[in-house]
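Structure first, then comments.
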Amino acid sequence: MKKRKRNLAVLVILILIAGLTGCGTSSKEEETETTVQGRLVEEEVEMPQGMTNIFAMGKLEDGSIEIFGNDYNTGKNYIAISGKEGESWQVTELEDLNYSYISAASVAENGSVAIFGSFRQEDNSAKMALKIISPEKEITYLNYEFPDTDDSQLNQNMANIQKDLGKEEAETQIYNMNHGVEQCAYDSSGNLFIKDIQGNIYKMNISTGEMEKFCGFEQGELQYFAVEGKRLYAITQKGVSIYSTEDGSELPKDHVLIQMIKENPLTSWGYGCFEIAFTQKDDRNLVYVNHQGLFYHQEQGSISEQLLDANNSYLCDNTISFHGIESVGEAGYLVGIHMGETSKLLKYTYDENAEAVVKKQLNIYALEDSELLRQVVSKYRIQYPDVLVQVTIGMDGNSGITAEEAIRTLNTEIMAGKGPDVLVLDGMPVESYIQKGMLVDISPVLEKVEKEDGLFINIKEVYTKNGKAYSMPSRFLMEVVEGEEKAVTAASTLPELAAYAKKLAQGGNGGIFPEIGAKGILMELYQADSVNWLGEDGTIQEESLKNYLEAARTIYNVERFSAQGAYEEFYESFESVCEIGGTAQVYVVDRLTGWNQIAFGTLGSVSGYREMLSIEAKIGGINELWNTGEQKSFLPYLMMGIVSTTEKQQEAEDFLKIMFSKECGEISGCGFPVNRAAYNSQCDVLLSREDTAKETTSYTLGDGTEISYETLKLSKDNIKQLTSKIESLNEAVITDRVIQDFVLEEGMKYLKQEQSLEETVTEIMQKVNLYLAE
Amino acid sequence: MRITRCAGKLCKTVFLGLCAIITICPLLFLLSGSFMDSLELSELIAPVIQGKEGMAGWHWIPRYPTLQNIIELLLDSPEFYKMFWNSVKITGTILIGQLVFAMPSAWGLARYEFPGKKQIYFLYIILMMLPFQVTMLSEYLVLDKIQLLNSQWSVILPGIFSTFSVFLMYRFFAGIPEEVLEAARMDGANEWQVFCHIGVPLGYAGIISAMVLQFLECWNQIERPMAFLKQKELWSLALYLPEISTEKAGFAMAAAFVALLPALFVFLYGQDYLERGITATVQK
Amino acid sequence: MKSKKGILFILPGLSGVMVFYLIPFLDVAVRSFQKIDGKFCGFDNYQKVLENKAFHLAVENTIYFVLVCLPLLLVLSLLAAVILQRTGSLGKLCKSAYLIPLAVPAAGVVLLWKLIFDNHGMLNQLLLWLGQNTVDYMNTNASFYVLVFSYIWKNLGYTVVLWSAGLSVIPENIYEAAWVDGAGKLRTFLSITLPNLKQTAFTIVVISFLNSFKVFREAYLVAGNYPQQSIYMLQHLFNNWFRELDMDKMAAAAVLLFLVILIFVYMLHRSWEEEH
């Protein structure tokens, strides 16, 4: 008994200590708000004379910066060396480099440059090779050979390809396939580290060309690596592994860095530029840059110190990537970024007198992240540098929070007056928000946009009641059906379409519909049909629901005979409208290849429309808006609203103006813009493409035959047709997520024959009525 | 006679055993799932989670046991650590706070007569029964007023003043015979001394059982942290357990299993006290 | 003891309860008489709630659930506790096992439930194997019993332990006296064990009642915000109201709930006091 008590006491004390030491740290956030004088200031500096693109940049022993790059337009190559502060570039033009492309390059501390790429030979053939530019600008080949890997998969590939090609040719192809170099980097002792396509890292002795395997990863796991000083940072989806470049040993895990990568995973990797870049002050002190800002990190340190917040700088733009970062001068940094088609140099210097910014903050809330939203935000940031924009994503994908829970928290915050200023309403209970007076009338903003650029009035009308508009999508998609005239006519009502499909199936001519699985069919049909379901009393009419379900089941059964479920997975994980944006054009291509005879899906871009017409020009067929009743429906996307409790009405309206602006409407992405001028300019771009040679798109089928079609040049008539289709839209599909979820969930069971039609309809009606009764 | 006794005994054993199997099942389930590789797991649960054809099944012993999930969880998931310690911090502080505040409250309610006592007792019972959603918004407003939002205190303080343990300890304190206390008062002890030297030791069982249950409550709470803690770094473990997708199911199960362990230890430790009545202690 | 000193013991705790529970609740009570924009509207909200069909359904289901679960849990757990009385280490092992469900995180429970009760789940597989028709547990009235099962499953161990605590307090010599008098097992149980468990029973009923609200978490995670009709509980409704920002209705319903619980607990308490 006594002993037990003592144990308990120890336990209690342990908990006490743990508890007391921990709770103090929770107020960390407030500390950063104290005003500090002095901060890093961003400025864009000129690229070295003549250079538009950076291939590689590095810091030399004497502290100057060397950049290897070219002029995108003339194709001339340069090496530029700066002074100590990253200024006054000395540019040398390189001749005789003769590459057709460069896959990787790196600058060594002594000033020499390693270039992997495909080089043109004297006999005009191309060869994968490594060229070294010495500090004296002499260019030489360096022969190298990958150490043998006994990869059975590789040999298998080899055998397969050898059948088709000659042995020698096969070998080179295999070699390139397996040992293409994606990235290379020098360490401070002049060894070159190389990442091949397989995702292995090799270490090369630069004087002999001898290579040894440094470390290996599973295929596709390694995304990027950086070598700084004597450390190699290998970045995978799971985090960062750090190796010593001297002996290849792996150093202890750095959890802060791992966490950082997990929170900002690399999503794309281009040639020579990535979404993160590292530089070292010394072995243990690291500085890195990503879309969140500039950070200082001490090896194994418990936190990364933010030197610069990316907000309102170039860094926050998610479309840019980094060539590299190097420290210059006392406390400055030079960052090479890739933006659009060209590179830019940004210099960050410490300005003692710049006051720490205390800015107005604009909070934007969306349930789901989207690339378009991010781009609009960065456009806003650049235009309104004095406003700090904070984007909150309710369901950020890795915390398992459901939409329900996210909305509950959001509602609490709004009710407490601490909510966001701007809402992206996709997936939210918009009607309730409007009824409860949570949203502001945004018609003044819309009017301004309308005056400047024009809006699709018909879309605006849908959201305007009594002259007031509380929400409005900035983009929209529409459901189309495409195929032979008979099919398209039949599709005008669901029962007819089902009957038509049955008849086709008896003919046995292979695939009829796109292979989109049960959920896909329910989804696409819902978008075409649901707009007709609501009776005058606002409830769902049972008859319509029945028709819909029956048609879906027939189509599903017809399709099942041939279905490989090619696109099934695509719909399985469906979350937002945009994930299925532009499905029509995909299925139209399948009509060309003979996979299906009728195509339906969402159409959300002028170019998608062009593809559709191009295929029709080749194999015939017509397309039509797919609506099974009087109403012509569309799917809204990026629905915007301003919260009524906001204190930043002006800023919020400015943001909406940018969201609806021509500039943002022109960004290619999901959906047609509601901005008329943006739509027109999208059309004009395609109309004026006379100069380009005829483009052909071709597909190779499983049996080796090739099918191709010529891209049609759009005529004014074509555009007119499209425009009139858009202008005929007069209702949004039932976007209530709750109802949609009921229908899809129960419909799935019906399609998979787990319950009868009556059961399904009753079940859906019961739930819908319950929902409406609340 | 003998046969009926045997049959009775058999019935009892079957009843108890069946209950035990049903309750212990999830533990084994999480345990075996933690050691399965993703392929095996997805094969087993895909019909349920993804609506694939076929029936779900389970292997109580993994066919291809792997440590991968556990290793990934313990070595490669710093956020798991962070949240684990957050949970320890939050739960620990709440329990200590309860000893300081709830224990005297229960004693005061159980041993003294004063006006309004009954009303307070009822109020406590009802407040502990109200579902959290109901008061969530108002609680949020209060926490906002006293500037506790987005700090772990916003979860800790309501936890400390949870009336559940007052209710539970009340019963145990009320069971202490009045004579024992009177005797102490005769010896010149003041009320505080009576509480510390007689009440606490004799109500030990009640205190421990209240703590054990409170521990579980705090350790597994989801709603409050999610509503009041915006920063992920402050979250507790129950929020970490990721949404179970087929690829990550093994990992999720390993996480759930590890999260369950402390609670299990607390149980095994506290169980003796849980079922010890007051008089049993008094008679010693 | 009659003494105002008791207040001193209560005061620190009480002030905390006021700030974190009572004030929020009073705020809710005030809201129940207001529209969402803060305008006074009398009993309108109450009227709306009482006329609301979803509310009726949820109340019916909740009451039915409590009426089924509470007696079932009490009887089963008392049975187990009595059987386990005076069993040695084996009984202790059993009690430990019964406690495990309480510690399993909700995420684990949900996965397990899906695995067992899904249409393609293991229970249906068993039925198929036995040559029976499968049952869609989560989408028919069977879901109610799944919920009852999970409630019992989760709370059995804890209730058994509380009963055991109550049982162990009953002095052994009373039993001995009864046996000497020649009373049978059933008789001793009815006339000695049961009366002596009264105080314990009050605690257990209140706690079990409280826990019957908590089963919502699993129901919600397994079946979502609009589950099968028979397990649509008050908390589902509260949750959905919260999503749709119907704070006014929710506040009124909360006050009603408060009153109902008040009456329930008061009656319970009265019936206990009277017999004493």
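Protein chains in written order, with the working numbering: chain H, 1114 to 1887; chain Z, 11 to 294; chain A, 6 to 281. Every residue gets a Cβ at the ideal spot worked out from N, C-alpha and C, and that includes glycine.
Which word fits W202 (chain Z), buried or exposed, when buried means at least 16 other C-beta atoms lie within 10 angstroms of its C-beta?
exposed
What are the start and end residues of each continuous alpha helix (DSSP H) run of 4 or more residues lying completely inside the stretch 1367-1396 of chain H, in chain order?
1368-1376
Could you check whether the Cβ of W158 (chain A) sits closer than 8 Å to any Cβ belonging to chain Z?
yes
Could you tell me the distance, in whole angstroms, from the CA atom of A102 (chain A) to the CA atom of Y150 (chain Z)?
38 Å
Cα-Cα, which of H:L1552, H:L1662 and H:E1518 is closest to T1873 (chain H)?
H:L1662
In the DSSP assignment, find the unbroken beta strand (DSSP E) run with G1322 (chain H) in it and report its ends.
Run containing G1322 (chain H): none; DSSP gives neither H nor E here.
Just to confirm my understanding: we take A1611 (chain H), look at its own chain, exclude 5 residues before and 5 after, and list those with CB closer than 6 Å. What are they?
A1664 and T1667
By Cβ distance below 8 Å, which residues in the same chain neighbour L1751 (chain H) in space, the five residues on each side in sequence not counted?
S1483, L1485, L1486, V1537, D1539, P1586, S1587, R1588, M1772 and G1784
Residue environment, P235 (chain Z), which counts as buried when at least 16 other CB atoms sit within 10 Å
buried
Start and end of the alpha helix (DSSP H) containing P17 (chain A)?
K10 to V22
Where does A1344 (chain H) fall in DSSP's three states?
Looking at the sequence provided, one finds Arg at residue 1344 (chain H) rather than Ala. Looking at R1344 (chain H) - three-state DSSP - the assignment turns out to be strand.
Terminal residues of the continuous beta strand (DSSP E) containing Q1503 (chain H)?
V1500 to I1506
If you draw a straight line from the C-alpha of I28 (chain A) to the C-alpha of S1746 (chain H), how long is it?
49 Å
By the 8 Å beta-carbon criterion, what residues does the stretch 109-127 of chain A contribute toward chain Z?
V109, P110, A111, A112, G113, V114, V115, L116, L117, K119, L120, D123, H125, G126 and M127
Could you tell me which of Z:P88, Z:F45, Z:P57 and Z:I80 sits nearest to H69 (chain Z), measuring between CA atoms?
Z:F45
I want to know whether the stretch 174-182 of chain Z touches the stretch 154-166 of chain Z - three or more CB-CB distances under 8 Å.
no
Find out if the Cβ-Cβ distance for the pair T1810 (chain H), E1819 (chain H) is shorter than 8 Å.
no
In this structure, does DSSP put N1398 (chain H) in helix, strand or coil?
strand
Between which two residues does the alpha helix (DSSP H) containing I179 (chain A) stretch?
E177 to V185
Start and end residues, alpha helix (DSSP H) containing G47 (chain A):
Run containing G47 (chain A): none; DSSP gives neither H nor E here.
Can you tell me the Cα-Cα spacing of K99 (chain Z) and F263 (chain A), whole angstroms?
32 Å
Do we get a CB-CB distance below 8 Å when we pair R1102 (chain H) with the residues of chain A?
The structure shown does not extend to residue 1102 (chain H), since chain H is modelled only from 1114 to 1887, so the question has no answer here.
Taking only the alpha-carbon atoms, compute the straight-line gap between K1141 (chain H) and I1416 (chain H) and give it to the nearest angstrom.
Because the pLDDT at K1141 (chain H) is just 37, under 50, the model does not fix this residue reliably, and the value given afterwards should be weighed accordingly. Distance between the alpha carbons of K1141 (chain H) and I1416 (chain H): 12 Å.
With DSSP run on the structure shown, which of helix, strand or coil describes L250 (chain A)?
coil
Is it right to say N1403 (chain H) is buried, meaning 16 or more other beta carbons lie within 10 angstroms of its own, or is it exposed?
buried
Where does the unbroken beta strand (DSSP E) through V1537 (chain H) begin, and where does it stop?
V1535 to V1537
Measuring straight from C-alpha to C-alpha, what distance separates G1224 (chain H) and S1231 (chain H)?
22 Å
Closer than 7 Å at the beta carbon, the chain Z residues around H1368 (chain H):
P88
Report buried or exposed for H125 (chain A), applying the criterion of at least 16 other Cβ atoms within 10 angstroms of its Cβ.
buried
Kindly indicate which three-state DSSP category H274 (chain A) falls into: helix, strand or coil?
helix
In terms of residue numbering, what span does the alpha helix (DSSP H) encompassing H61 (chain A) cover?
K58 to L89
Near M1452 (chain H), what residues of its chain come up, given a Cβ to Cβ distance below 6 Å and the 5 sequence neighbours on each side ignored?
I1433
Around the Cβ of C99 (chain A), are there at least 16 other Cβ atoms within 10 angstroms (buried) or fewer (exposed)?
buried
Drop a sphere of 10 angstroms on the beta-carbon of T291 (chain Z), count the other beta-carbons inside from all chains shown, and report buried for 16 or more, exposed for fewer.
Model confidence at T291 (chain Z) stands at a pLDDT of 43, short of 50, so the residue's coordinates are unreliable and nothing is read from them.
N1403 (chain H) - partner residues in DSSP beta bridges:
H:G1406
Along the beta strand (DSSP E) that carries K242 (chain Z), what are the first and last residues, could you check?
K242 (chain Z) -> no beta strand (DSSP E), and no H or E assigned at all.
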